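J.: One structure, as structure tokens, below. Some questions next.
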Amino acid sequence: MALMSLMRDARGRAFGTHPTSRTRARGSEGLHGRIDIDDAEIRFDLDTGPLVAVKRVSLTILSGEFVCFLGPSGCGKSTLLNAVAGFLRPTVGRLLLDGKPIERPGPDRGMVFQQHSLFPWKSVLRNVMFGPLMAGHSALEAESTARTLLDMVGLTAFAHAYPATLSGGMQQRVGIARALANYPTVLLMDEPFGALDAQTRSMMQESLLELWHEFKITVLFVTHDIDEAVFLSDRVLVMSAAPGEIIADLRVDLQRPRTPDLLVSSEFNQLKRSCMELIRRESLVAFEQQSRRLAGRA
Ligand code: ADP
295 MALMSLMRDA RGRAFGTHPT SRTRARGSEG LHGRIDIDDA EIRFDLDTGP LVAVKRVSLT
355 ILSGEFVCFL GPSGCGKSTL LNAVAGFLRP TVGRLLLDGK PIERPGPDRG MVFQQHSLFP
415 WKSVLRNVMF GPLMAGHSAL EAESTARTLL DMVGLTAFAH AYPATLSGGM QQRVGIARAL
475 ANYPTVLLMD EPFGALDAQT RSMMQESLLE LWHEFKITVL FVTHDIDEAV FLSDRVLVMS
535 AAPGEIIADL RVDLQRPRTP DLLVSSEFNQ LKRSCMELIR RESLVAFEQQ SRRLAGRA
């Protein structure tokens, strides 16, 4: 895939055509995109009583870091990500972006979901233009930015196609382009490649790392796939079974750029084994919790 050369061509235009993009892209080199989670607990009030989805999490994610949240299903990964996105507020504690409390969603955070959340009635180009238009840019600026982003994800030829005509991988590329179109300082990704086949997934992982390198953006990535977490991240944050808390913060010092041959290296497998032991233990706890719940209902 000639993504890097596309990006090199696109870079001048990308950071030149968007009024705030140059500062944002530069700023993220060390000043923007830091997240502080300060003793945050997130509870939901259910008919059956309060449900603690995330339990007392405290951590700092530095500007430009690539961090994966790994944990068994239902442990609160998406809930934590949604709180960083500003879709929900912690019941206790606080979350800060660059020192300011996160109170609502904002253009400084782009989000990519597992199932593409594109507007089916809009063309690919118009989907990517949506963010810049909402942020108040002119149609001309929004189109210029959208075309640059589509160039960067290798979808220029599909600008006028509709989402339903694209493959799952292509739809996710549009989703990523759309999330980046406001040049956010933080990219939040909730199992973005979970529905893709193994080959497409592997290509998407490499493309994402190229974009991350190019944009120098902070990435928070939720997955339950250990290989994916270790392959992508600077740090893997392992969460416990519900209620979720961070039980391990593993640094991944593998060389970059990461390429698929890394998957068979001994360093990779050593890290993978550490994650597997933790995840296996937590998944068993999650399984027992679920069995107890089901037995209680029977
Ligand atoms: P994960 O992403 O790790 O699979 P989630 O964050 O989606 O886990 O969910 C954690 C727990 O919080 C689950 O028990 C889930 O049912 C519950 N939960 C998530 N969102 C809501 C909500 N909006 N209302 C009530 N319960 C929720």
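Numbering (our numbering), first residue to last: 295 to 592. Ideal Cβ positions, reconstructed from N, Cα and C, are used throughout, including at glycine. Because the structure is a prediction, the values reported are computed rather than measured.
Let me confirm a value: HIS431 is counted as buried when at least 16 other C-beta atoms fall within 10 Å, else exposed. Which label applies?
T.: HIS431 is buried by the Cβ-count criterion.
J.: Give me, in chain order, the residues of the same chain whose beta-carbon lies closer than 8 Å to that of SER417; leave out the 5 immediate sequence neighbours on both sides.
T.: Closer than 8 Å at Cβ, skipping near neighbours: ALA453, HIS454, ALA455, TYR456.
J.: By how many angstroms is the C-alpha of GLY380 removed from the C-alpha of GLY404?
T.: For GLY404 and GLY380, the distance between alpha carbons rounds to 11 Å.
J.: Can a CB atom of chain B be found closer than 7 Å to the CB of ASP332?
T.: The structure shown has no chain B; it contains just one protein chain.
J.: For VAL406 versus MET483, is the C-beta distance shorter than 7 Å?
T.: Cβ atoms of VAL406 and MET483: closer than 7 Å.
J.: Specify whether the segment 527–542 and the segment 351–364 touch according to this definition: at least 3 beta carbon pairs, one from each stretch, less than 8 Å apart.
T.: They touch, by the three-pair rule.
J.: With which residues is THR354 paired in a DSSP beta bridge?
T.: Partner(s): ASP330.
J.: Taking 5 Å as the limit, tell me which residues put their C-beta closer than that to any heavy atom of the ligand ADP, in chain order.
T.: Working through the chain, the matches are PHE338, ALA347, SER367, GLY368, CYS369, GLY370, LYS371, SER372, THR373.
J.: My guess is that VAL516 and PHE338 are in contact by the Cβ rule of under 8 Å, so how many angstroms apart are they, rounded?
T.: With 8 Å as the limit, VAL516 and PHE338 do not qualify as a contact, their Cβ atoms being about 18 Å apart.
J.: At 3 residues or longer, and completely inside the segment 449–505: list those beta strand (DSSP E) runs for me, N to C.
T.: For the segment 449–505, whole beta strand (DSSP E) runs of length 3 or above, ordered along the chain, are 480–484.
J.: First and last residue of the beta strand (DSSP E) that includes GLY387?
T.: 386–391 is the span of the beta strand (DSSP E), which, as asked, contains GLY387.
J.: How is the alpha helix (DSSP H) around CYS362 delimited, first residue to last?
T.: Taken as a continuous stretch (DSSP letters only), CYS362 belongs to no alpha helix (DSSP H), being part of the beta strand (DSSP E) at 360–364.
J.: Just tell me which of LEU353, GLN409, SER411 has its CA closest to the CA of ARG388.
T.: Nearest of LEU353, GLN409, SER411 to ARG388, Cα basis: LEU353.
J.: Can the beta-carbon of PRO399 be found less than 7 Å from the beta-carbon of ILE336?
T.: For PRO399 and ILE336, no; Cβs fall outside 7 Å.
J.: Closest by CA to MET423, which one among ALA433, SER559, PHE581?
T.: The shortest Cα separation from MET423 among ALA433, SER559, PHE581 belongs to ALA433.
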